[in-house]
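Working notes, structure below.
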Amino acid sequence: MLTRRRFLGHAALQWAASAGLSALPALGSAATTSTSTTTGERSFDTAASRPAAPLATLGRVPIIVVGTGYGSAVTALRLAEAGHQVVMLEMGRLWTEPASDGSIFTRTLAPDGRAMWFKDRTEAPLKTFLGLDIINRKIPQYAGVLDRVNYDEMSVYVGRGVGGGSLVNGGMAVTPRRSYFEQMLPGVDAAEMYATWFPLANRTLGVNSIDPTWFESANCYRYARVSRDHAQQTGLKTVFVPSVYDFNYMAKEELKKVPRSALAQEVIYGNNHGKRSLDKTYLADAVGTGRVSIHTLQQVRRIEQQANGDYLLTVRGINEWGRVISECQIACGHLFLGAGSLGTSELLVRARETGALPGLPRAVGEGWGHNGNVMAARTNKLWNTTGSLQSTMPAMGIDDWDNAANPVFAEITPLPTGFENWVSMYLAITKNPERGRFVYDKASDGVALNWTRAQNAFTVQSAKTLIDRINVKQGTQYRTDLFGGGKAFADDFCYHPLGGCVLGQATDAYGRVKGHDRLYVTDSALIPGSIGVNPFVTITALAERNVHRVIAQDLGRA
Ligand code: FAE
Numbered sequence: 002m003l004t005r006r007r008f009l010g011h012a013a014l015q016w017a018a019s020a021g022l023s024a025l026p027a028l029g030s031a032a033t034t035s036t037s038t039t040t041g042e043r044s045f046d047t048a049a050s051r052p053a054a055p056l057a058t059l060g061r062v063p064i065i066v067v068g069t070g071y072g073s074a075v076t077a078l079r080l081a082e083a084g085h086q087v088v089m090l091e092m093g094r095l096w097t098e099p100a101s102d103g104s105i106f107t108r109t110l111a112p113d114g115r116a117m118w119f120k121d122r123t124e125a126p127l128k129t130f131l132g133l134d135i136i137n138r139k140i141p142q143y144a145g146v147l148d149r150v151n152y153d154e155m156s157v158y159v160g161r162g163v164g165g166g167s168l169v170n171g172g173m174a175v176t177p178r179r180s181y182f183e184q185m186l187p188g189v190d191a192a193e194m195y196a197t198w199f200p201l202a203n204r205t206l207g208v209n210s211i212d213p214t215w216f217e218s219a220n221c222y223r224y225a226r227v228s229r230d231h232a233q234q235t236g237l238k239t240v241f242v243p244s245v246y247d248f249n250y251m252a253k254e255e256l257k258k259v260p261r262s263a264l265a266q267e268v269i270y271g272n273n274h275g276k277r278s279l280d281k282t283y284l285a286d287a288v289g290t291g292r293v294s295i296h297t298l299q300q301v302r303r304i305e306q307q308a309n310g311d312y313l314l315t316v317r318g319i320n321e322w323g324r325v326i327s328e329c330q331i332a333c334g335h336l337f338l339g340a341g342s343l344g345t346s347e348l349l350v351r352a353r354e355t356g357a358l359p360g361l362p363r364a365v366g367e368g369w370g371h372n373g374n375v376m377a378a379r380t381n382k383l384w385n386t387t388g389s390l391q392s393t394m395p396a397m398g399i400d401d402w403d404n405a406a407n408p409v410f411a412e413i414t415p416l417p418t419g420f421e422n423w424v425s426m427y428l429a430i431t432k433n434p435e436r437g438r439f440v441y442d443k444a445s446d447g448v449a450l451n452w453t454r455a456q457n458a459f460t461v462q463s464a465k466t467l468i469d470r471i472n473v474k475q476g477t478q479y480r481t482d483l484f485g486g487g488k489a490f491a492d493d494f495c496y497h498p499l500g501g502c503v504l505g506q507a508t509d510a511y512g513r514v515k516g517h518d519r520l521y522v523t524d525s526a527l528i529p530g531s532i533g534v535n536p537f538v539t540i541t542a543l544a545e546r547n548v549h550r551v552i553a554q555d556l557g558r559a
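Going left to right, the sequence shown walks through residues 2 to 559 as the working numbering numbers them.
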């Protein structure tokens, strides 16, 4: 719903981009060690068209929230509503201003630097088509919106920018099955979650459901209907998947009444229209309070605790072309980490291993999983056409989670090439019990993910067991030309990184990090490696629950 506050916040986010605040002077202050004269930082707070003070001048602030993804956005909004001033630090840029081609985000099939976070070439999940290397393109290095973090044996896709993963994800907004939620997060009161926090998260995120009648007739979901029919003929159940993409907008796209986005292949490099990403919901609300400032292109590198209990952050400012143009320090009384499973884990593992936060528990860095993710595709029979128009926003999944022998939730995903390709594709979520851990590498001052390809074997076998059933019934085959190396299963990347600072292990039951007061984890790092469905609704609802308790017990109302 468009409240006055959301309208103001949204206007402020638009204005901050168009005002070209990319050369604010880093003035320096007693508490800073600024080394630059200009910064790529865009700092903004309210709809009053007022740039926030440059980060390097702030010295000490009461509250810092790191990152602007789901956990951070919830936290900033609720703290601001309780009267607190909040500074948010985001390493990516703001994505609200069209570039010279008139679009905010790049085109999917002809990507430019806006596509990826400082890469020379796009690294799309699909490597080839018909075995041909025609998908990835050379691009200039730029602070683009999608990152693929390549660890030794696992690559992880994440969003970069104000809104984090909400800028690049498929919008699938799924509330987990209660029994599995209870199994994975036994310390959380599920009755309260399902009565209060999940409904609040769904409402504020703007989750909507597809009109089943429209689904049956829409050309753009022909691919989903074909896969559904194959699943049902195999005796498998299908369910509709809610979304934060506006299905009413999509219906108008199909009729060509509005500019196309989901129907113009847009998703992983950002949607120019239709999607309720966080900058249009939680973050707009947060900025609209007038108490939240967001500082972009600012990467937190180091966290230490001062003798008075304050946290001191070392923050590196870059410009949009990746040049480091400032480094400053800023202190805060309360620190909330929402840099995502990878980002939050990295910051805390580095802090523990370098002695900057010596009290952190061994559980920091542990319990990482990829939510059992794997992609696979089948070749359809010639008469099972999926159509040239495919919505990038999945609206249906095969729900076989109740199959005790082999629980799988497989979303029916598009392959939006713009021409008929006779492919049925799936993102399967499996119940893989394997977990990885983050370890500090002194030489690079970086953090590696200990996860081996062998740990995916369970996931691949589980997805294969399900899809084999469909292939046998339909007399169809796997596509082996899409993921590189003739593979039928994309077992080298994931979209759903979870864990690293697991709730109740690295933190208390509400995200307070053990061993250091006034330090909190708010994001996907809290979830123990698996949640059985796409995770952002759970991340959002858990953050709502946690910050509610933290405000009541630790901070109060300002
Ligand atoms: P996240 O949204 O990742 O935000 C973290 C933010 O922190 C980012 O903006 C980072 O740039 C920033 N950051 C990181 N390190 C630092 C630092 N040191 N200093 C400053 N800033 C930093 O965190 N989930 C679903 O539920 N449904 C879907 O359909 C779906 N599809 C996906 C498709 C793709 C291609 C991808 C990549 C993900 C998808 N996901 C989906 C996953 C979902 O987006 C992800 O779980 C959440 O975004 C994680 O939320 P967090 O709040 O943990």
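Virtual Cβ for every residue (Gly too), placed ideally from N, Cα, C.
Does the Cβ-Cβ distance between residue i and residue j come in under 9 Å?
i: Arg351; j: Glu328; result: no
i: Tyr158; j: Tyr496; result: yes
i: Thr107; j: Gly271; result: yes
i: Tyr71; j: Arg115; result: no
i: Ala340; j: Val67; result: yes
i: Ser463; j: Pro408; result: yes
i: Pro529; j: Gly370; result: yes
i: Thr575; j: Arg470; result: This structure does not reach residue 575, given that the chain is present from 2 up to 559, and the question cannot be answered.
i: Lys382; j: Trp423; result: yes
i: Ala378; j: Glu305; result: no
i: Ser73; j: Asp524; result: yes
i: Val448; j: Glu367; result: no
i: Val259; j: Tyr250; result: yes
i: Met185; j: Ile532; result: yes
Please name the residue, chosen from the options, that lies closest to residue i on a Cα-to-Cα basis.
i: Thr460; options: Arg480, Phe494 and Asn220; result: Phe494
i: Lys443; options: Thr355, Gln456 and Gly289; result: Thr355
i: Ala559; options: Glu82, Tyr71 and Val62; result: Glu82
i: Leu467; options: Ile319, Ser278, Gly398 and Trp322; result: Gly398
i: Pro99; options: Trp16, Pro55, Tyr71 and Ser463; result: Trp16
i: Gly520; options: Arg379, Ser531 and Leu556; result: The displayed chain sequence assigns Leu, not Gly, to residue 520. Checked all of Arg379, Ser531 and Leu556; the closest Cα to Leu520 is Leu556.
i: Val288; options: Glu254, Val75, Leu59 and Asn372; result: Val75
i: Ala429; options: Val440, Thr477, Tyr441 and Gly373; result: Gly373
i: Cys502; options: Gly476, Leu349 and Glu321; result: Leu349
i: Asp153; options: Asp492, Trp215, Asp509 and Gly487; result: Asp492
i: Val538; options: Phe410, Val208, Val150 and Leu237; result: Val208
i: Asp509; options: Lys465, Ala405, Pro362 and Gly437; result: Pro362
i: Pro141; options: Leu147, Gly132 and Arg122; result: Arg122
i: Phe458; options: Pro434, Phe439, Val440 and Arg438; result: Note that residue 458 is Ala in the sequence shown, not Phe. Ranking Pro434, Phe439, Val440 and Arg438 by Cα distance to Ala458 puts Pro434 first.
i: Asn151; options: Val534, Pro498, Val522 and Arg550; result: Pro498
Going straight from the alpha carbon of residue i to that of residue j, what length do you get?
i: Arg188; j: Val325; result: The displayed chain sequence assigns Gly, not Arg, to residue 188. Gly188 and Val325: Cα-Cα distance of roughly 42 Å.
i: Met155; j: Pro536; result: 19 Å
i: Thr4; j: Leu279; result: 15 Å
i: Thr197; j: Ser445; result: 44 Å
i: Thr36; j: Trp118; result: Unreliable placement is indicated for Thr36, whose pLDDT of 33 sits below 50; no coordinate value is reported for it.
i: Gln456; j: His85; result: 44 Å
i: His335; j: Ile65; result: 7 Å
i: Arg6; j: Leu206; result: 15 Å
i: His11; j: Tyr511; result: 30 Å
i: Ala13; j: Gly318; result: 22 Å
i: Ala232; j: Ala332; result: 55 Å
i: Ser425; j: Glu412; result: 11 Å
i: Val175; j: Ile211; result: 13 Å
i: Asn547; j: Phe216; result: 37 Å
i: Gly360; j: Lys120; result: 36 Å
i: Gly516; j: Lys128; result: 44 Å
i: Arg1; j: Leu338; result: Shown here, the chain extends from 2 to 559; a query on residue 1 therefore has no answer.
i: Thr58; j: Val375; result: 46 Å
i: Arg137; j: Glu124; result: According to the sequence provided, residue 137 is Asn. The question's Arg does not apply to it. For Asn137 and Glu124, the distance between alpha carbons rounds to 6 Å.
Between the segment 161-177 and the segment 83-97, are three or more C-beta pairs nearer than 8 Å?
yes
Is it the case that the segment 297-311 contacts the segment 260-275, given that we only count it when at least three CB pairs across the two stretches are under 8 Å?
no
The segment 308-315 in contact with the segment 262-270 per 3-pair CB rule at 8 Å:
no
Is the number of C-beta pairs between the segment 218-233 and the segment 177-195 that are closer than 8 Å three or more?
Cβ pair count under 8 Å is below three, so no.
Tell me whether the segment 380-395 and the segment 410-417 touch, counting them as touching only if at least three CB pairs, one residue from each stretch, are closer than 8 Å.
yes
Three or more beta-carbon pairs under 8 Å between the segment 447-455 and the segment 472-488, yes or no?
These segments do not touch.
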